[in-house]
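What follows is a single structure, written as C-alpha cells, with notes after it.
Numbering (the working numbering), first residue to last: 1449 to 2308.
Structure, rendered in C-alpha cells:
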C-alpha cells in the first residue's frame, strides 16, 4: 500500500544518510537483511515496536527523525485497521478471513480509454492542467466543462495519459452518461465498477449507495489514484466517487458548469472553448492530408468556420470528406451554407455521434421555460443579446430572464461574452432555429417585442448623443421599456456602440420580415450615431433596406427621413450630384407626408449642396426661402440652420460684418433651444469671420470655447473644423509651424471619418504652408491630391482654391504661362459662383500664395 511505501522510503532515506547498506543495517540492528528489504519496498505492513527501536538505535537517529519514523509506522497500523473494517463490511455475516481488497496483490487498475489519435492543440489548457496538478500532496478535483462536442473527454483522457505514471496505485475511469435520456448511470453502479476494479468481488459489494461509498472511500484512503469521471451532469453524481483521504486526482468532464462542485468541494474548473481557428484548420489537415488541404486552403478555413471550430463537427466533416475522397471541400462548405448544417454534419450509420444528437441530449435536460428561452434567443437578429433584450423577447421580468439565461449558460447552450451579454455558436444557433420552426412559440410576436424595445432604447439614447438632429415624431405604438434613463451622453453612446451590430441586424430584419416601420424609425433615430461611429457602407446598407421597405409600403414619412440621411452622407463624401437628387426625393416625400420640419431641413441642405458646387445665388435663394418658412411656422432649429448658411454665403461675398451678424443670430437661437452641436458650429464660423476682420483675440476666445464644447460632445466632424480654423488663425498670425501641425491633425481626423470636404480644406492649407516655406514639391503634391478629390466630387469652390495655390507654385517654378492659366481658371470659378472675396484676391495678387485662405473652410 501507498502508506507502506512511504514508510519504506523514509527508512531507506535514513539508511542512506547513515551511509549503511541493507546488510550493514541488518548486522547493526539484529534484523535480517531480507526483512529490511521488504520494509523498504513496502512489503511489510506494520513493523513491531521492538523492530522499530532496533532500527532507530542502529541508525543513531536524532529525536525528530526518530519521531517521524515511529509516526509513519503508526500511520500504517491505522490503515491496517481501516482495511480490516472494509473486510468486515464486504464480508458481513459470512465466515472467512480478511484477505480482501485491502490485501490484494493484483496489478493496479489501468482503465483509461485510448488517447485520441486526432487530438491536436489545446496547449494552453494542458499547461493550465499541469499547473494545477504540479506538486500536489492532497486530493485534487479538476472539472473540465464546456459545450457538447467541444472535446472535454479527449482533453481529459489525453492529459490523464500524460500523467498516469505519477499515480502508481492505478487509474479508474467511468462514463456516467449524465446526458443520456434513457440510461444515465446510477451512482451505485459507478461505485460497484470502481470496487470491482479495486479487487472487491461482486458478491461482497453493497447494494446501497451510501454503504458502497463508505467501502470505496475506505479502500482508496491513502492511495494515489488517477480517477476520470466522464460525462457527469450534477455534483450529486460526482461526490460519492470522490476519495476522502490521500493524494488522488479526480478529473471530471461535464456540459454543466458544476458550480456546486467548485464551491463546496474545492474543484478547480477549466472552461473549454471551441478550438482557435488555426488549430481547427490543423485538425482538418491532419484528417484530410496536406495535399488535399493545399489544393483548397481557403475552403478549409471556411469549413472550420462553418463547423464553429467545434471538434466533434470538424471530425464529422473530415470523416465524411475522407469517405468521399473526390468531393471538393468547397462543395461541403456550399452545402453547409445552403442546407441544414446539422444534417450535413452527421455520419452515415452513426446518428448518435452527431452534433445534433449531443445537443439534443443537453436540450432534454433543460426545463420547459429554459427550452422556450433557448428556442427564441436562437432566432433573434444579431450576434449577441443582453438580459434586458431577452426580457422583452420573452415578455418576462428582467430577473426571470437573467435566471433563464444563467440556466442556459450553465450547460453552455449560450455563452456569456461579458456581464449580461450572451451569444451562441453558429451550429447551436442552427439547432435552436430548427427547434423554433416547429415549436409554436409565437416567434414573430416575440421578435417584434424585442425590436420595439430596441427602438425605445435607441430613441432615448439618440436624444442624448445627437440632440441636434431632427427626427420623425415618435410612433403612437412606441412602447416605453420602463428602464431608467441613461446617465448622460457617455452612457448612451456606450450603449449604442455596444448594440451597434444588433441594431444593424434589427433594421435588416424589420425591413425584410417586419414590423417594417421599425426599420425606418431605427435608421432615422440612429442617423446622428451612424454619422459619428459607423462605416459608410454599413450606414448605406441599413438606409437602403429601410428606404426600400418604406417605398414598398408607401410610407412617405419613412422615405423622407431615410432619404435625408442618405443625402447627407453622400454630400459629405463628395458625391454632390447624387446627393442633390436624393435631397430632392426627400423634399418631395416630406411634402407628401406633411412634415414641415423635415421640409425646411431638406431645403436648407439643398442650398448647402448648391453652395459647395459654387452656385451661391441658388444657395442664397433656397436659404432665404427656408428662413421665411421657419420663421412663419416657428421652427427655430430650421431658422438657426438657415441663418448660419446665409452667414457663410455673405462671408463668401465679402460682407464680413453682415456675415458675423447672421452667424451670431444663429448662435443665439441654438443656445436658447439647447442645440449644442449647432452652437459650436456657429462659434467656429464666428471665429473664422473674426479672424478675417482682424479681431484675433475674439477669434481665439470663440475657438477655445468651440474646442471645449466639441470635446464634450465627442463629435469628430466638429473637432476637424476646430483644427482647420485654428490652423488658419495661426497662419494669419505668421505662426506657420503651428498652423502646419493643426492642418496635419485636421487631415488625419477628416480621413478617419471619411469626410472629404474637410480633408480637402486642410490639404489646401498644408499646400499653402509648404508654399510659404519654399517647399514647392511638397506644395504641389498637396494641391494635386486636393484636385484629385475635388474634380469628381464637384467641390467647385475648393477646386478654385487649389488652382489659386497651383498658380503661385507654377509661377515660382518658372512657368508663368501655366501659372496664368491656373490663375484665370480660379478667377473664373470665383466670379461665376459669386465668391467675390476669392475673385478680388486673385485680381489683386495674381501670383501671391501668402495669407491664403481656403474658400470653403466654413461650409461644413
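No residue lacks a Cβ here, since even glycine has one placed at the ideal position from N, Cα and C.
Name, in chain order, the residues that DSSP records as bridge partners for residue i.
i: residue 1863; result: 1871
i: residue 1623; result: 1678
i: residue 1702; result: 1593 and 1680
Determine the DSSP secondary structure at residue i, reduced to helix, strand or coil.
i: residue 1484; result: helix
i: residue 2061; result: coil
i: residue 2285; result: helix
i: residue 2188; result: helix
i: residue 1827; result: coil
i: residue 1558; result: strand
i: residue 1941; result: helix
i: residue 1795; result: strand
i: residue 1814; result: coil
i: residue 1697; result: strand
i: residue 2023; result: coil
i: residue 1468; result: coil
i: residue 1574; result: helix
i: residue 1689; result: helix
i: residue 1509; result: coil
i: residue 2299; result: Annotation note: pLDDT 38 at residue 2299 (below 50); position unreliable, no value reported.
i: residue 1648; result: coil
i: residue 1852; result: helix
i: residue 2168; result: helix
i: residue 1788; result: coil
i: residue 1844; result: coil
Leaving out five residues on either side along the sequence, give the residues of the same chain with a beta carbon under 6 Å from the beta carbon of residue i.
i: residue 2278; result: 2248, 2286 and 2287
i: residue 1959; result: 1967, 1993, 1994 and 1997
i: residue 1850; result: 1835
i: residue 2089; result: 2052
i: residue 1874; result: 1756
i: residue 2235; result: 2250
i: residue 2214; result: 2191 and 2230
i: residue 1972; result: 1919, 1920 and 2009
i: residue 2070; result: 2051, 2054 and 2055
i: residue 2175; result: 2187, 2190, 2191 and 2213
What residue does the beta strand (DSSP E) around residue i start on, and which one ends it?
i: residue 1592; result: 1588-1593
i: residue 1832; result: 1832-1834
Looking only at its own chain, which residues have a Cβ that is under 7 Å from the Cβ of residue i, when we skip the five neighbours before and after it?
i: residue 1828; result: 1841, 1895 and 1898
i: residue 2221; result: 2184
i: residue 1480; result: 1474
i: residue 2261; result: 2224
i: residue 1778; result: 1744 and 1747
i: residue 2218; result: 2226, 2227 and 2230
Please find out if some non-hydrogen atom of the ligand FAD comes closer than 7 Å to the beta-carbon of residue i.
i: residue 1610; result: In the structure shown, the ligand FAD is absent, as is every other ligand, since no ligand is present at all.
For residue i, I'd like the list of residues in its chain whose CB is within less than 8 Å of its CB, leaving aside the five on either flank, ordered along the chain.
i: residue 1564; result: 1602, 1605 and 1606
i: residue 1593; result: 1600, 1701, 1702, 1703, 1704, 1705, 1706, 1717, 1718, 1719, 1720 and 1860
i: residue 1533; result: With a pLDDT of 49 at residue 1533, under the threshold of 50, the predicted position of this residue should be treated as unreliable, though the coordinate-derived value follows. 1666, listed in sequence order.
i: residue 1576; result: 1718
i: residue 2127; result: 2115, 2118, 2119 and 2157
i: residue 1515; result: none
Could you tell me the boundaries of the alpha helix (DSSP H) in which residue i lies?
i: residue 1633; result: Residue 1633 -> no alpha helix (DSSP H), and no H or E assigned at all.
i: residue 2155; result: 2144-2161
i: residue 1900; result: 1891-1913
i: residue 2232; result: 2224-2241
i: residue 1613; result: Here residue 1613 belongs to no alpha helix (DSSP H), and DSSP marks it neither H nor E.
i: residue 2127; result: 2124-2140
i: residue 1968; result: 1965-1973
i: residue 2114; result: 2104-2121
i: residue 2257; result: 2244-2261
i: residue 1999; result: 1984-2000
i: residue 1775; result: That residue, residue 1775, is in no alpha helix (DSSP H); it is neither H nor E in DSSP.
i: residue 1661; result: 1657-1668
i: residue 1771; result: 1759-1771
i: residue 2209; result: 2204-2220
Considering only residues of the region 1709-1744, which uninterrupted beta strand (DSSP E) runs meet the minimum length of 3 residues and lie entirely inside it, listed in chain order?
1716-1719
Ignoring anything shorter than 4 residues or poking outside the region 2063-2091, list the alpha helix (DSSP H) runs there in chain order.
2064-2081
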